[in-house]
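Following full-length UniProt numbering, the numbering of the sequence shown begins with 1 at its first residue and continues without gaps.
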Amino acid sequence: MNSRDRRPVLKTFFLKSMNYIKSLGFGLLAAALFSCGQGPDKEVSKAIDPANMDTTVSPGQDFDQYANGGWKKLNPLPDEKSRYGAFDVLGDESEKQIKELFAGIAAGTFADGTIEKKIADYYAAGMDTASIEAAGLSPLKPFIDQIDALHSKEDMQKLLAEWQSWGLNPLFGIYADADQKNSAMKVAYLYQAGLGMPNRDYYLNDDEHTLEIQQKYRAYIAGLLEQLGQDSVSAKKDAETIYTMENEMAEFSMSMLDQRDPYKVYNKMDLAQLSNLAPQYDWTAYFKTIGANDPGDFIVAQPEFMKNMAAMLTEKPLADWKQYLKYHTISDFAGVLPKTISDMSFEFYGKTLSGTPAQRPRWKRVQGSTNNALGEAVGELYVKEYFPPQAKERMLKLVKNLRKALASRIENLSWMSDTTKEKAVEKLDAITVKIGYPDKWKDYTALEITPDSYFQNVLSSSKFYFEDMISKINKPVDKTEWGMTPQTVNAYYNPSANEIVFPAAILQPPFFFMEADDAVNYGAIGVVIGHEMSHGFDDQGRQYDKVGNLNDWWQADDAERFTVKADLLANEYSQFTVLDTVKADGKLTLGENIADLGGLNISYTALHMALDGKEQAEIDGFTPDQRFFLAYAHLWAQNIRDEEKLRLTKVDVHSLGRYRVLGPLRNMPEFYAAFDVKPGDYMYLPEDERVVIW
Numbered sequence: 001m002n003s004r005d006r007r008p009v010l011k012t013f014f015l016k017s018m019n020y021i022k023s024l025g026f027g028l029l030a031a032a033l034f035s036c037g038q039g040p041d042k043e044v045s046k047a048i049d050p051a052n053m054d055t056t057v058s059p060g061q062d063f064d065q066y067a068n069g070g071w072k073k074l075n076p077l078p079d080e081k082s083r084y085g086a087f088d089v090l091g092d093e094s095e096k097q098i099k100e101l102f103a104g105i106a107a108g109t110f111a112d113g114t115i116e117k118k119i120a121d122y123y124a125a126g127m128d129t130a131s132i133e134a135a136g137l138s139p140l141k142p143f144i145d146q147i148d149a150l151h152s153k154e155d156m157q158k159l160l161a162e163w164q165s166w167g168l169n170p171l172f173g174i175y176a177d178a179d180q181k182n183s184a185m186k187v188a189y190l191y192q193a194g195l196g197m198p199n200r201d202y203y204l205n206d207d208e209h210t211l212e213i214q215q216k217y218r219a220y221i222a223g224l225l226e227q228l229g230q231d232s233v234s235a236k237k238d239a240e241t242i243y244t245m246e247n248e249m250a251e252f253s254m255s256m257l258d259q260r261d262p263y264k265v266y267n268k269m270d271l272a273q274l275s276n277l278a279p280q281y282d283w284t285a286y287f288k289t290i291g292a293n294d295p296g297d298f299i300v301a302q303p304e305f306m307k308n309m310a311a312m313l314t315e316k317p318l319a320d321w322k323q324y325l326k327y328h329t330i331s332d333f334a335g336v337l338p339k340t341i342s343d344m345s346f347e348f349y350g351k352t353l354s355g356t357p358a359q360r361p362r363w364k365r366v367q368g369s370t371n372n373a374l375g376e377a378v379g380e381l382y383v384k385e386y387f388p389p390q391a392k393e394r395m396l397k398l399v400k401n402l403r404k405a406l407a408s409r410i411e412n413l414s415w416m417s418d419t420t421k422e423k424a425v426e427k428l429d430a431i432t433v434k435i436g437y438p439d440k441w442k443d444y445t446a447l448e449i450t451p452d453s454y455f456q457n458v459l460s461s462s463k464f465y466f467e468d469m470i471s472k473i474n475k476p477v478d479k480t481e482w483g484m485t486p487q488t489v490n491a492y493y494n495p496s497a498n499e500i501v502f503p504a505a506i507l508q509p510p511f512f513f514m515e516a517d518d519a520v521n522y523g524a525i526g527v528v529i530g531h532e533m534s535h536g537f538d539d540q541g542r543q544y545d546k547v548g549n550l551n552d553w554w555q556a557d558d559a560e561r562f563t564v565k566a567d568l569l570a571n572e573y574s575q576f577t578v579l580d581t582v583k584a585d586g587k588l589t590l591g592e593n594i595a596d597l598g599g600l601n602i603s604y605t606a607l608h609m610a611l612d613g614k615e616q617a618e619i620d621g622f623t624p625d626q627r628f629f630l631a632y633a634h635l636w637a638q639n640i641r642d643e644e645k646l647r648l649t650k651v652d653v654h655s656l657g658r659y660r661v662l663g664p665l666r667n668m669p670e671f672y673a674a675f676d677v678k679p680g681d682y683m684y685l686p687e688d689e690r691v692v693i694w
């Protein structure tokens, strides 16, 4: 019941796919871009490798193809991937590094209770396909028996609450996070769930592609019900009922666009108010069952969903809900069940939704599951082996330079008043920076892992994290906690903490170069840093103050001018054609587009502060400015399947990689000068149409 229409997440640099394409691959790009121990000239030559480019294309016509066309040709999509790009290259390197760690652990002998023993047992249980196949669907039997034993809606409500501790979120979910208006304290958040497809648009849209997905989804539901023992006729009938129920929930689910508004999803209530909103649900019993006896005030992210969900619970027959729960139970556990079930799940979530021809090798899937269950334990071993201390020192220097550059740009903004500028610089100065890995690691002592049952290990892990989360409700926020593990290839901005975080794994080529020239580093990791800083001032982040509270610190006229600029940028991106007649959603991706454009501008300014007017020689025929823009474009070298383009356009707040190249650069006059872009070129925008915010 893990609906893909989830709570708002951290402001990440890159969205990791939520189904079968988390496995990424180390290929030509990283190897060609950088090799430790070589001199700067040779490194930079490889960073701008002509083999990765398509110089038959004018940079003014299509800079993505010019910068990355050769790479795309040299790196065809592997069958197990729906997209493959620079992030995927580095992600697979991280995956291979973790594989080496696991192999070393497997070769050793460790006492029970040690973290190495838990990692080894979890992984071994997942790779024991003989036992998994022999067990069949028996691990599901306790859940199915509980469903069959339900005699009333009250019984069902109690069961749903009990199941949440196992990682199942039928109908709605709960998590603990900083209070958006009192960021020093953690509170409970209730959010909508209940859908088997990624979000409401998959139910409500009626274009040909979506209608085909809907048909295949109903067939998927029916297929799983047959696996539970139903005949095909009753399975198809029940599948239609379940789909109709989900479609009804989709109609009163909040859209992804509305979920981007931090005020729309901040609805503080107490038990009495929630009980008044959704009286059909016993909320006192719910909180008691999950272990939050005194939840105090909490946040209801989507009140209309809660109201209608509770009413629907009463209106629909118990028999229909039982079938709904059976389907979602087997679907949610598909990845840890026999191959027949996991293949059926992949057929829909992998092939149908993303166009991926083949499922990842089992070792990658099990390693990913182990990494999810014991993430910081794996991370602690990872940084000891692969993260050099000097990388953190270099990053701190870069962050300092980027912060200085953004402060300078804020002070020179023509559209912002001095009063708001002062507040903006105060917020910038207050940003906390985390690099590499946390100072304090999570304690996994209470997590019990067995070598005998993969299914049980997944349950135990879910329960461990759920109980840990519930224990933090109405407690002070622990500022040392991280929202990502060190081995994650990504970066994020957390608005409620006003912090930017760069895990160890992203501090490698093609993003971070220990010895490369400034132009390449500022075009790569510099833009990543600037991107995350810009999130503090995008259309969402700007609504949080320097301590992370939702609090309007803007002069009204400045806010209005910001909105005008943001609307122009949203409209600009909405003109990009994703596929056939499908356009990009510039409103959904607005925050990320502001951050991309801001990151480029900030890092470009920082580069020239570092160069300090000193003349720089060309390398391989490219000036520092050209190398800066090429290094940036290389981050978004990507091949992607048509199905994945359409899926991401519906579910991802990031633009597709191609438009993360074209979009920001068309707004930068420095890019025009670097590559002699002229009127009539596709990359050319008239000056009065270009957007500069930060």
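Glycine is no exception: its CB is placed at the ideal position from the N, C-alpha and C atoms. Model, not experiment: these values are computed from the prediction.
Taking the continuous beta strand (DSSP E) assigned at residue i, which residues delimit it?
i	result
Thr-577	577-579
Gly-85	83-85
Thr-356	No beta strand (DSSP E) contains Thr-356, which DSSP labels as neither H nor E.
Glu-687	No beta strand (DSSP E) holds Glu-687; DSSP gives it neither H nor E.
Val-399	Where Val-399 is concerned, there is no enclosing beta strand (DSSP E), although the alpha helix (DSSP H) it sits in stretches over 389-411.
Tyr-493	492-494
Val-501	499-503
Please classify residue i as buried or exposed, where buried requires at least 16 neighbouring CB atoms within 10 angstroms.
i	result
Gln-616	exposed
Val-564	exposed
Lys-442	buried
Val-677	buried
Glu-208	exposed
Pro-8	Low per-residue confidence applies at Pro-8: pLDDT is 38, beneath 50, and the placement is therefore not dependable, though the value from the model is reported in the following sentence. When all chains shown are included, Pro-8 counts as buried.
residue 748	Nothing about residue 748 can be read from this structure; the chain reaches only from 1 to 694.
Gln-302	buried
Glu-162	exposed
Ser-82	buried
Asp-94	Looking at the sequence provided, one finds Ser at residue 94 rather than Asp. Ser-94 comes out buried.
Which residue marks the beginning of the alpha helix (DSSP H) containing residue i, and which one marks its end?
i	result
Ser-462	454-470
Tyr-203	201-204
Ile-242	232-251
Val-57	From DSSP, Val-57 is part of no alpha helix (DSSP H); its letter is neither H nor E.
Under 8 angstroms by Cβ, that's how I've got residue i and residue j pegged, so tell me the actual separation to the nearest angstrom.
i	j	result
Tyr-66	Pro-76	With a Cβ gap of about 20 angstroms, Tyr-66 and Pro-76 do not count as contacting.
Ala-86	Pro-510	5 angstroms
Phe-333	Leu-140	6 angstroms
Ala-584	Ser-574	6 angstroms
Lys-546	Asn-498	6 angstroms
Val-433	Glu-572	About 31 angstroms; that fails the 8 angstroms criterion.
Go ahead and pull the three-state DSSP assignment for residue i.
i	result
Pro-438	coil
Leu-611	helix
Met-185	strand
Glu-572	helix
Ala-178	strand
residue 701	What the structure shows of the chain is the stretch from 1 to 694, and residue 701 is not part of that stretch, so it cannot be assessed.
Met-256	helix
Gln-638	strand
Lys-364	helix
Ile-299	strand
Glu-426	helix
Lys-316	coil
Trp-694	coil
Phe-513	coil
Pro-170	coil
Phe-622	strand
Leu-74	helix
Tyr-632	helix
residue 699	The structure shown does not extend to residue 699, since the chain spans only 1 to 694, so no value can be given for it.
Leu-225	helix
Val-582	strand
Quick check: is the beta carbon of residue i nearer than 8 angstroms to any beta carbon in chain D?
i	result
Ala-516	The chain inventory of the structure shown lacks chain D, comprising one protein chain alone.
Is it the case that the CB of residue i approaches a heavy atom of the ligand SAM more closely than 7 angstroms?
i	result
Glu-643	Of the ligands one can find in the structure shown there are none, so the ligand SAM has no counterpart to examine.
Evaluate the contact criterion for the region 376-396 versus the region 659-667: three or more CB pairs, one atom per stretch, below 8 angstroms. no
For the region 463-480 against the region 172-181, are there 3 or more C-beta pairs whose distance is under 8 angstroms? yes
State whether the region 479-489 contacts the region 584-594, with contact taken as three or more CB pairs (one from each stretch) at a distance under 8 angstroms. no
So does the region 359-366 actually touch the region 413-431, counting three or more Cβ pairs closer than 8 angstroms? no
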